[in-house]
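Note that full-length UniProt numbering gives residue 105 to position 105 of the sequence shown, counting from 1, and the numbers run on in steps of one.
Everything on this sheet refers to the single structure shown next.
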Amino acid sequence: MPHRPNASTSSLLDHLVDACHGVEQRQPVRIERLIDDIELLLNTCCIDDAEVDSEFPEVASSIHRYGSPAPQATSIGTHEERFATARRIEKTLRRFEPRLRRVRVRVEDPKSRSPIGRLRIEATLADSADLSLALNVRSTSGRAQITAERT
């Protein structure tokens, strides 16, 4: 099995849990853990913009917004929808995944009619290692699945 580099910081969830338990030392995170955490992030539904009360604007930038839009908001049927989904995923990763820098999500085959949208996450890990992951989004469920196709 090939050696995989470690990311140098913890996930947002780990930061929150560790802070509650007084843990100060950061533990290296394996790429497999990063992939699992990204899948969890992208498959967690955040509260909708319409549900954010204008009386409490802090909620719009709080942990209550952790995750991605509901699956029904993740349509990949057209060229424009695939690019919009890529932009939403990129925004989510930039906001909630501290182990990634210079995140870019691109559509691999924008003209495909497949019910699975193939996207690619390109980023730099916090320890400066480049990373490229394949991301499949199912149009029927909106569910995201990441495969480790490292370049």
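Yeah, the Cβ is synthetic: ideal placement off N, Cα and C, and Gly gets one too.
Whole-Å CB distance - residue i paired with residue j, under 8 Å assumed
i: Leu119; j: Val103; result: That belief does not hold up - the Cβ atoms of Leu119 and Val103 are roughly 12 Å apart, past 8 Å.
Range covered by the beta strand (DSSP E) that runs through residue i
i: Ala134; result: Asp130 to Arg138
i: Arg104; result: Leu100 to Val107
Residue(s) in a DSSP beta bridge with residue i
i: Gly117; result: Val137
CB contact flag (residue i, residue j, <8 Å)
i: Gly67; j: Thr44; result: yes
i: Ile121; j: Val105; result: yes
i: Leu135; j: Ala144; result: yes
i: Arg101; j: Thr78; result: no
i: Phe83; j: Pro115; result: no
i: Thr92; j: Leu41; result: yes
Pairwise C-alpha distance: residue j and residue i
i: Asp48; j: Ile89; result: 15 Å
i: Glu58; j: Arg94; result: 19 Å
i: Pro98; j: Asp36; result: 14 Å
i: Ala126; j: Ile63; result: 22 Å
i: Ser132; j: Ile31; result: 11 Å
i: Ser61; j: Arg113; result: 35 Å
Opening and closing residue of the alpha helix (DSSP H) in which residue i lies
i: Arg82; result: His79 to Phe96
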